[in-house]
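Undergrad: Take the numbering used here: the final residue in the sequence shown is number 1137, and no numbers are missing along the way.
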Amino acid sequence: MKSRLPNLLLMTTCILGLGALYLTTLSAGADSPEKATSVELVSYEANFAYVTVELCIELPSKAQWLPYAELSFGQSKITNTSTLLVDAKKPGILDQENRCYILSFPLRENEVLPGKATLTLEMLKADRDGGLMAEAGVLATQKQLALTHPGVKFTTCMESGEGGGGGGIKFKSLPEGVSGEQAMAWVWEASEVTAQSDWSVRLDFSK
């Protein structure tokens, strides 16, 4: 199976292996249905700086999900620091519930990969109803926040100025003793939908 990884990685990369199809169950939050989901390991490669993995995932919905994974070996546990959607410019790609992603895991300087490592897909995350940049997302986040942290009430605001503008969050009320920083973290948490995963596979770097 031919890899579709970016050309810039291929100059110093050794193709290490291809995976097969594995099944798991992604359990979404209380407001999202649980769904049996397939994950396919398409390919994995490594160079002196990165381990790069391509996964195809049957997603819980057509939302813009992003995968969060961990590569572990010995005492090292590395999370992916970048995620690329394969064929991102293809018309209708976001209407597909099965999408492929390229995940990159950075290696520390002088870090040597062992013969084998474990790749674990820990979760998927998506903005709730379009996130805080959409009116529906703001309303959905406010509703979720009322369930998880009652007493934290916020609104969004847009400001314009010379050279451009931007948006922000303004708190209307906070429970006693709750800082704006803590409340902001709760808002971001409420603005996302999470689907947990227990899928994992062993990667063989000795081939």
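Note that the Cβ used here is the ideal one computed from N, Cα and C, for glycine as well. Computed from a predicted model, the values in this text were never measured in an experiment.
My output table needs one value for Lys1073: the three-state DSSP class, helix, strand or coil.
TA: Of the three classes helix, strand and coil, the one that applies to Lys1073 here is helix, per DSSP.
Undergrad: Using DSSP with H/G/I as helix, E/B as strand and the rest coil, what is Thr1011?
TA: Correct three-state label for Thr1011: coil.
Undergrad: Between the segment 1029-1049 and the segment 1006-1015, do at least 3 Cβ pairs fall closer than 8 Å?
TA: Yes, the segment 1029-1049 is in contact with the segment 1006-1015.
Undergrad: Return the bridge partner residues of Trp1129 from the DSSP annotation.
TA: DSSP lists Leu1051 as partners of Trp1129.
Undergrad: Please state whether DSSP places Ala1056 in a helix, a strand or coil.
TA: Looking at Ala1056 - three-state DSSP - the assignment turns out to be strand.
Undergrad: Can you list, in chain order, the residues of its chain with a C-beta nearer than 8 Å to that of Leu1054? Leave out the 5 residues immediately preceding and following it.
TA: Answer for Leu1054: Leu956, Ile987, Leu989, Pro990, Trp995, Leu996, Pro997, Tyr998, Thr1124, Ala1125 and Ser1127, listed in chain order.
Undergrad: For Lys1020 and Gln1026, I'd like the C-alpha separation in whole angstroms.
TA: Their Cα atoms are separated by approximately 11 Å.
Undergrad: Since Gly1045 and Phe978 are thought to touch, with beta carbons under 8 Å apart, how far apart are those beta carbons, to the nearest angstrom?
TA: Not confirmed; about 17 Å, so no contact.
Undergrad: Compute the beta-carbon to beta-carbon distance between Ser1121 and Arg1058, rounded to the nearest angstrom, for a pair I have assumed lies under 8 Å.
TA: Between Arg1058 and Ser1121 the Cβ distance is about 5 Å, and since that is below 8 Å, they are a contact.
Undergrad: Please state whether the Cβ-Cβ distance between Ser1130 and Thr1048 is less than 9 Å.
TA: Yes.
Undergrad: Within the continuous beta strand (DSSP E) that includes Ala976, where are the two ends?
TA: It spans Lys965 to Ala976 - the beta strand (DSSP E) in which Ala976 sits, taken as one unbroken run.
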